[in-house]
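K.L.:
As given, the protein sequences belong to chains R and X, one line each in that order. For the first sequence, counting from 1, position 89 maps to 163 in this note's numbering; every step adds exactly one. For the second sequence, counting from 1, position 140 maps to 130 in this note's numbering; every step adds exactly one.
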Amino acid sequence: MAVDNRLTAIGGDAPPASTNGERPAARVNDLAFKIGTVNGTGSASANGLLRSAIFRMGIPVSGKNLFPSNIQGLPTWYEIRANADGHTARTARFDLVVAMNPATYQRDVEEVTPGGWVMYDSTWPLPRELDRDDVTFLGIPLAKMTVDNFKGSRVRILMKNICYVGALAALLKMDLEIVRGLLNETFAAKAKLLDANQLAISLGYDYALEHFDCPLPVHLETMDGNRDSIVIDGNTAAALGCVYAGATVAAWYPITPSTSLVDAFTGFCHQFRKDPETGRNRFAIIQAEDELAAAGMVIGAAWAGARAFTSTSGAGLSLMSEFIGLAYYAEVPSVFFDVQRVGPSTGMPTRTQQGDIQFAAYASHGDTRHIVIFPANPHECFDFAVEAFDLAERFQTPIFVLTDLDIGMNDWVIPKLEWDDAYRPDRGKVLTAEELEAATGPFHRYLDVDGDGIPWRTLPGVHPNGAYLTRGSGHDRFGNYTEDSEPYADVLARVGRKIDGAAPHLPAPEIRLRDGAKIGLVTIGGCRGAVLEAVEELAERGIDADYMRVRAFPFHPDVEPFLAAHEVNFVIEQNRDGQLRKLLISETDAEKDALVSILYYGGYPMSCHHVMDGLAPHIDIRTPAGSRESAALGAAPHGAAP
Amino acid sequence: MSYIKKPRVHHPGLTRNRLGLTRRDYEGTMSTLCAGCGHDSITAAIIEAFWELEIAPHEVAKTSGIGCSGKTPTYFLKEAHGFNGVHGRMPSITTGAHAANRELVCIGVSGDGDSLSIGMGQFAHVVRRNVDMLYIIENNGVYGLTKGQFSASADVGSTAKRGQVNREHPIDSVLLSLNLGAGFVARSFSGDKEQLVPIIKAGLRHRGFALIDVISPCVTFNDHRGSTKSYQYTRDNYNQLVYADFVPPAEEIATSIEAGNMRSVQMHDGSRIAFRKVPEDYDPTDRDQVYSYIRGRQRAGEVATGLLYVEPAPRDATDAVDFHGIQGTVDEPLSHYPFEDLCPGAEALEKLQKRFQ
Chain R
75 MAVDNRLTAI
85 GGDAPPASTN
95 GERPAARVND
105 LAFKIGTVNG
115 TGSASANGLL
125 RSAIFRMGIP
135 VSGKNLFPSN
145 IQGLPTWYEI
155 RANADGHTAR
165 TARFDLVVAM
175 NPATYQRDVE
185 EVTPGGWVMY
195 DSTWPLPREL
205 DRDDVTFLGI
215 PLAKMTVDNF
225 KGSRVRILMK
235 NICYVGALAA
245 LLKMDLEIVR
255 GLLNETFAAK
265 AKLLDANQLA
275 ISLGYDYALE
285 HFDCPLPVHL
295 ETMDGNRDSI
305 VIDGNTAAAL
315 GCVYAGATVA
325 AWYPITPSTS
335 LVDAFTGFCH
345 QFRKDPETGR
355 NRFAIIQAED
365 ELAAAGMVIG
375 AAWAGARAFT
385 STSGAGLSLM
395 SEFIGLAYYA
405 EVPSVFFDVQ
415 RVGPSTGMPT
425 RTQQGDIQFA
435 AYASHGDTRH
445 IVIFPANPHE
455 CFDFAVEAFD
465 LAERFQTPIF
475 VLTDLDIGMN
485 DWVIPKLEWD
495 DAYRPDRGKV
505 LTAEELEAAT
515 GPFHRYLDVD
525 GDGIPWRTLP
535 GVHPNGAYLT
545 RGSGHDRFGN
555 YTEDSEPYAD
565 VLARVGRKID
575 GAAPHLPAPE
585 IRLRDGAKIG
595 LVTIGGCRGA
605 VLEAVEELAE
615 RGIDADYMRV
625 RAFPFHPDVE
635 PFLAAHEVNF
645 VIEQNRDGQL
655 RKLLISETDA
665 EKDALVSILY
675 YGGYPMSCHH
685 VMDGLAPHID
695 IRTPAGSRES
705 AALGAAPHGA
715 AP
Chain X
-9 MSYIKKPRVH
1 HPGLTRNRLG
11 LTRRDYEGTM
21 STLCAGCGHD
31 SITAAIIEAF
41 WELEIAPHEV
51 AKTSGIGCSG
61 KTPTYFLKEA
71 HGFNGVHGRM
81 PSITTGAHAA
91 NRELVCIGVS
101 GDGDSLSIGM
111 GQFAHVVRRN
121 VDMLYIIENN
131 GVYGLTKGQF
141 SASADVGSTA
151 KRGQVNREHP
161 IDSVLLSLNL
171 GAGFVARSFS
181 GDKEQLVPII
191 KAGLRHRGFA
201 LIDVISPCVT
211 FNDHRGSTKS
221 YQYTRDNYNQ
231 LVYADFVPPA
241 EEIATSIEAG
251 NMRSVQMHDG
261 SRIAFRKVPE
271 DYDPTDRDQV
281 YSYIRGRQRA
291 GEVATGLLYV
301 EPAPRDATDA
311 VDFHGIQGTV
321 DEPLSHYPFE
331 DLCPGAEALE
341 KLQKRFQ
């Protein structure tokens, strides 16, 4: 059943102060809840089960895993947002919190929106000081339930999680058959575990039905919003893109949050890249001794003619910057995935940020300037991964694909991935053995034969006429060592022209215009969802804003006209220094004063309320009639909100 | 040393190998190193070895790092692709190139600074990975290009040109690589081409990682009295511990070998290493024994040289595998693998995505 949730939301969403003790009116398929647990207790599979069940009910949904840089014993949260309109960016407004971790009870209880619910394990009483009279506490004796019904401490811990899934199924009116069906699929080969899980679901479900007024007024209904969608994380999608692009060599060093990209690549290679007769590998995946070596291996492999890539995060990119300069100057096609996390230095390894934008654009010493592409979601991770290899070989330069922890590791609902079997890799200007054999003159590696700044290259082992010495030291257009001013400058200027010339061939910005809009909202990468939601929210308040998401550096020719068309452009990104804004100022003719930063860099994915908060000091946002996000406005200080 | 261009026309009577190539065809551009530099002698030995082995130059990938040694790939095999990368990172570039195209004959030239200081990590790991390459360390005990600072291979007590005495312990690439599991370990001297050429040939034919540490005196900064890497010191303390010949698959072992003291080790491609002379109670295939023997010679102040250790070809495929054996890679180079066999296609993608629903 499709529900116009916006109408119900307007009807039921009174300002926070007046909700005390009142029962909220019904709101369907527009809710967010959060589960606070201890990491290492197996809650990930229970939370994934919830997210999958909601997806199969046809409701657009996202799952955000806020996890610690630790293996066992520290707090971890999983946030689920279901929204019929497809708004699945992170929200700060939680209708319900499942508080399973005593260490974070206080914080978890505080985060429930007034009128909402707190589910907790009532085997032990909740501390009195946590009491709030504007929320409803739902106590379920989860520990007792599992002790009574299961044997073995590990099983009991695991089943406690499944019990709260059962209870939530009843409270949120989830389709129980879907939940049970998912368990059947997961434990098809493990009958004993399946029985335990199904029992745990029943225990939680029955308890909730018996003790609470189910369903809650804020709940879910089956709809048909996911027919052509999948749930996938960005690292998995990017890895799949690498397989489809024909990448054969991956070199990497483990680092959160990029590790799962290579893990997924490994899995797909074992699935798709085994020689059917010999069982041998049509790929090489090398776990390097550090990121320096990983970058060197990628460059060596690409130089020898393979499509090669590495996957890392900011700390690793810092280490790679020496090799990045080499690949830029020696013009070796190579692909670098940077799944950004919070910096500087070690920073917060399991939190998300967009802090490497400027660094990637100009990484390494000397005059360097790189092609960087910015996917917004797993769908673009797949498409841009393929594109990255084509760009790298077409422009003979390192390509950076900048995602972040939120895109890379969290579950996103995206339209199904598509593939055109007519696709063939663009290997760029590579001379074949036949061409080299027929050559009438000597081959010159860095000569701009075609006037587009892109020279021809040759691969080792192909033909004696193609030989040259690749070097990071000064070289002239013929590929010879030089310390002379003009031949050196000649090559460096040509490489600069090559990168400039790439701009129109890179992904164009995503632009959405509204009639009469006077302001522009400019953003990048994973902020997309939050900003698009803000555009709608603004429209509901009578403010029209144009939207542009930059998808590549150097900037596409469409970027500057958008900026010029607005008196003010709010540049929304997840870093302290307004890195995208700074790049726009230095690389376009946009007026500095016409670009205003809206920044959130606290480490969690950006929410609509961050955007609205940031806009509030600058534009007159009228008091909304009943906008849901408004409840969170003002709750979070600018730049530091959760 | 000289910017004189090499002549384009060569003497018509130069000896040709079976590929129809003369030694000149295995040369590169004129060396720009100091007159008398040991590195140039090593370059000459490399040229000789490739010519004798009859390897087509364009099938070779030659790599180097930074420093005087880093310049040398320019001086040999002009018809081979070369990569003069960044300081200490030659191993990773070579690993990548070998991963992409296993048919390339990989030779990496490095120095003691390049391999044992800034590149120590990459050196250790390229040994561990058993990348099929010949790795030459041109070992002179100093940083030549920055004018004579001690390197990590400088011996305790060795003096610099201006008189400073080194007090830090040296890193010995031979002992280190024995420790790390290298299957082919040699030490030689740039001044002994007769010993060096067969070792280079054997190293090129060894499947897996082969190290040759070549004492290569720096005539400008480390050839004085008090240096333990000078021509004089090396000659005075030279101990040709092991005499070995490289015997290609088709050839018989020459008869001049001393009877009774000969041992032959079979290599992967059917060629053999014939040990003409080794000390009594020295087994060049016994890693532990070689290690302690060399330590003993070093304590006696000797520079023990020769093909010191070689791992015999494994009896079966599961034993001691090289990089691609460990990786389980297909025989065809990945760099030229047909795209049709790499991309799973639209149908597979459609099927796969059921997993994500």
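We put the CB at the ideal spot given by N, CA and C, even for glycine. Fair warning: this is a prediction, and the values are worked out from it, not measured in the lab.
Does DSSP put Val102 of chain R in a helix, in a strand, or in coil?
P.N.:
In the first sequence, residue 102 of chain R corresponds to position 28, counting from 1. DSSP places Val102 of chain R in strand when its eight states are reduced to three.
K.L.:
If we call anything under 8 Å between Cβ atoms a contact, is Pro35 of chain R one with Pro631 of chain R?
P.N.:
The question about residue 35 of chain R has no answer, for chain R in this structure spans 75 to 716.
K.L.:
So Val323 of chain R contacts chain X; which residues on that side make the cut at Cβ distance below 9 Å?
P.N.:
Here the question's residue 323 of chain R lines up with position 249 in the first sequence. Residues of chain X passing the Cβ test: Gly86, Ala89, Ala90, Leu324, Ser325.
K.L.:
Ignore the nearest five residues each way along the sequence and tell me which others in Ser395 of chain R's own chain have a CB closer than 7 Å to its CB.
P.N.:
To locate residue 395 of chain R, count along the first sequence from 1; it is residue 321. So the qualifying residues of the chain are Ala437, Ser438.
K.L.:
Only counting the same chain, and skipping five residues up and downstream in sequence, which positions put a Cβ closer than 8 Å to that of Val146 of chain X?
P.N.:
Position 156 of the second sequence, counted from the start, is the residue given in the question as residue 146 of chain X. Same-chain partners within the cutoff: Asn156, Arg157, Glu158, His159, Pro160.
K.L.:
Just the chain X side, please: which residues come within less than 7 Å of Lys490 of chain R by C-beta, in chain order?
P.N.:
Residue 490 of chain R sits at position 416 when you count from the first residue of the first sequence. Going along chain X in sequence order, the residues near Lys490 of chain R (Cβ under 7 Å) are Gln343.
K.L.:
Comparing C-alpha positions only, which one of R:Thr187, R:Trp151, R:Asn157, R:Gly482 sits nearest to Arg167 of chain R?
P.N.:
For the purposes of this step, residue 167 of chain R is taken as the residue at position 93 of the first sequence. In terms of CA proximity to Arg167 of chain R, R:Thr187 leads the group R:Thr187, R:Trp151, R:Asn157, R:Gly482.
K.L.:
Compute the distance between the beta-carbons of Leu231 of chain X and Pro269 of chain X, then report whether it is under 8 Å.
P.N.:
Along the second sequence, read from residue 1 onward, the residue named residue 231 of chain X stands at position 241. Along the second sequence, read from residue 1 onward, the residue named residue 269 of chain X stands at position 279. For Leu231 of chain X and Pro269 of chain X, yes; Cβs fall inside 8 Å.
K.L.:
Please list, in chain order, all residues of the same chain as Leu250 of chain R whose beta carbon is under 7 Å from its beta carbon, the five residues on each side excluded.
P.N.:
Residue numbering aside, residue 250 of chain R sits at position 176 when the first sequence is read from its first letter. Within the same chain, Leu250 of chain R has close Cβ partners Ala243, Tyr279.
K.L.:
Using the three-state DSSP reduction, which class does Glu128 of chain X fall into: helix, strand or coil?
P.N.:
Translated into positions along the second sequence, residue 128 of chain X becomes position 138. In the structure shown, Glu128 of chain X sits in a strand (DSSP, three-state: E or B).
K.L.:
Can you give me the C-alpha to C-alpha distance between Asp364 of chain R and Ala324 of chain R, rounded to a whole angstrom?
P.N.:
Position 290 of the first sequence holds residue 364 of chain R. Position 250 of the first sequence holds residue 324 of chain R. Near 14 Å, if we compare the C-alpha coordinates of Ala324 of chain R and Asp364 of chain R.
K.L.:
Whole angstroms is fine: what's the gap from Gln317 of chain X's alpha carbon to Gln345 of chain R's?
P.N.:
As a first step, residue 317 of chain X is located in the second sequence; it is residue number 327 there, counting from the start. As a first step, residue 345 of chain R is located in the first sequence; it is residue number 271 there, counting from the start. Just so you know, the alpha carbons of Gln317 of chain X and Gln345 of chain R end up roughly 16 Å apart.
K.L.:
Compute the Euclidean distance between the alpha carbons of Gly153 of chain X and Ser332 of chain R, then round it to the nearest angstrom.
P.N.:
Here residue 153 of chain X refers to the residue found at position 163 of the second sequence. Here residue 332 of chain R refers to the residue found at position 258 of the first sequence. Roughly 51 Å between the two C-alpha positions.
K.L.:
Against chain X, does Leu170 of chain R count as a neighbour if the rule is that its beta carbon must be under 8 Å from one of theirs?
P.N.:
The residue given as residue 170 of chain R occupies position 96 in the first sequence. It does not: the Cβ of Leu170 of chain R has no partner Cβ on chain X nearer than 8 Å.
K.L.:
Are the C-beta of Trp530 of chain R and some C-beta of chain X separated by less than 8 Å?
P.N.:
Here the question's residue 530 of chain R lines up with position 456 in the first sequence. Judged by the 8 Å Cβ criterion, Trp530 of chain R is not in contact with chain X.
K.L.:
Opposite Phe644 of chain R in the DSSP bridges: which residues?
P.N.:
As a first step, residue 644 of chain R must be located in the first sequence, where it is residue number 570. The partner list for Phe644 of chain R (beta bridge, DSSP) reads R:Leu595, R:Val670.
K.L.:
Assuming Glu38 of chain X is part of the alpha helix (DSSP H), what are its boundary residues?
P.N.:
Along the second sequence, one-based indexing puts residue 38 of chain X at 48. 28 to 43 is the span of the alpha helix (DSSP H), which, as asked, contains Glu38 of chain X.
K.L.:
Quick check on Ile27 of chain R: does DSSP put it in helix, strand or coil?
P.N.:
Because chain R in this structure spans residues 75 to 716, residue 27 of chain R falls outside the shown range and cannot be described.
K.L.:
Is the Cβ of Met193 of chain R closer than 8 Å to any Cβ of chain X?
P.N.:
Taking the first sequence and counting its residues from 1, the one referred to as residue 193 of chain R is at position 119. Closer than 8 Å: no.
K.L.:
Go ahead and pull the three-state DSSP assignment for Cys316 of chain R.
P.N.:
Along the first sequence, one-based indexing puts residue 316 of chain R at 242. Note: Cys316 of chain R maps to helix in three-state DSSP.
K.L.:
Looking only at its chain, what residues have a beta carbon closer than 7 Å to the beta carbon of Ile247 of chain X, apart from the 5 residues adjacent to it on each side?
P.N.:
Reading the second sequence from its first residue, position 257 is the one you call residue 247 of chain X. Residue confidence is low: Ile247 of chain X scores 43 on pLDDT, short of 50, so the model does not pin down where it sits. Its coordinate-derived value is still stated next. Taken in chain order, the residues that qualify are Ala264, Arg266.
K.L.:
Using a beta-carbon distance below 8 Å, is Ile431 of chain R in contact with chain X?
P.N.:
Locating residue 431 of chain R in the first sequence gives position 357, counting from the first residue. Interface residue (Cβ-Cβ distance to chain X less than 8 Å): Ile431 of chain R is not classified as such.
K.L.:
Rounded to the nearest angstrom, what separates Ala690 of chain R and His683 of chain R at their Cα positions?
P.N.:
In the first sequence, residue 690 of chain R corresponds to position 616, counting from 1. In the first sequence, residue 683 of chain R corresponds to position 609, counting from 1. Roughly 10 Å between the two C-alpha positions.
K.L.:
Given a cut-off of 8 Å on the beta-carbon distance, is the pair Val446 of chain R and Asn309 of chain R in contact?
P.N.:
The residue you call residue 446 of chain R lines up with position 372 of the first sequence. The residue you call residue 309 of chain R lines up with position 235 of the first sequence. No, they are not a contact pair.
K.L.:
Return helix, strand or coil for Pro328 of chain X, following the three-state DSSP convention.
P.N.:
For the purposes of this step, residue 328 of chain X is identified with residue 338 of the second sequence, where counting begins at 1. Reduced to three states, the DSSP call for Pro328 of chain X is coil.
K.L.:
When you compare only the Cα positions, how much space is there between Arg551 of chain R and Gly540 of chain R?
P.N.:
Looking up residue 551 of chain R in the first sequence gives position 477. Looking up residue 540 of chain R in the first sequence gives position 466. Roughly 15 Å between the two C-alpha positions.
K.L.:
Report yes or no: is there a C-beta of chain X within less than 8 Å of the C-beta of Leu366 of chain R?
P.N.:
Reading the first sequence from its first residue, position 292 is the one you call residue 366 of chain R. Look at Leu366 of chain R: its C-beta is under 8 Å from a C-beta on chain X.
K.L.:
Are any of the Cβ atoms in chain X nearer than 8 Å to that of Pro499 of chain R?
P.N.:
Here residue 499 of chain R is taken as the residue at index 425 of the first sequence, counted from 1. Yes - at least one Cβ of chain X is within 8 Å of the one on Pro499 of chain R.
K.L.:
Label Gly250 of chain X either buried or exposed according to how many other C-beta atoms from any shown protein chain fall within 10 Å of its C-beta, with 16 as the threshold for buried.
P.N.:
Here residue 250 of chain X corresponds to residue number 260 of the second sequence, with the count starting at 1. For Gly250 of chain X, the predicted structure reports a pLDDT of 45, less than 50, and the residue's modelled location is therefore unreliable. The matter cannot be settled from this model.
K.L.:
Does the beta carbon of Asp331 of chain X come closer than 8 Å to any beta carbon on chain R?
P.N.:
Translated into the one-based positions of the second sequence, residue 331 of chain X becomes position 341. Taking Cβ atoms only, chain R reaches closer than 8 Å to Asp331 of chain X, which makes this a yes.
K.L.:
In the DSSP output, which residue or residues are listed as bridge partners for Glu153 of chain R?
P.N.:
Position 79 of the first sequence, counted from the start, is the residue given in the question as residue 153 of chain R. Looking at the DSSP assignment, Glu153 of chain R forms a beta bridge with R:Lys108, R:Lys138.
K.L.:
Hey, quick one: how far does the beta strand (DSSP E) through Ala142 of chain X stretch, first residue to last?
P.N.:
Indexing the second sequence from 1 puts residue 142 of chain X at position 152. In the DSSP assignment, Ala142 of chain X falls outside any beta strand (DSSP E) and carries neither an H nor an E.
K.L.:
Compare the Cα-Cα distances from Leu256 of chain R to each of R:Ala127, R:Glu295, R:Gly527 and report the closest residue.
P.N.:
Position 182 of the first sequence holds residue 256 of chain R. Out of R:Ala127, R:Glu295, R:Gly527, R:Ala127 has the C-alpha closest to the C-alpha of Leu256 of chain R.
K.L.:
Looking only at its chain, what residues have a beta carbon closer than 7 Å to the beta carbon of Leu654 of chain R, apart from the 5 residues adjacent to it on each side?
P.N.:
Numbered from its first residue, the first sequence carries residue 654 of chain R at position 580. The answer, listed in chain order, is Ile431, Ile598, Val624, Val645, Glu647.
K.L.:
Residues in its own chain within less than 8 Å of Ile145 of chain R by CB, not counting five upstream and five downstream?
P.N.:
Translated into the one-based positions of the first sequence, residue 145 of chain R becomes position 71. The residues are Asn113, Gly114.
K.L.:
Counting beta carbon pairs with one atom in the stretch 501 to 511 of chain R and one in the stretch 456 to 475 of chain R, are three or more of them shorter than 8 Å?
P.N.:
yes
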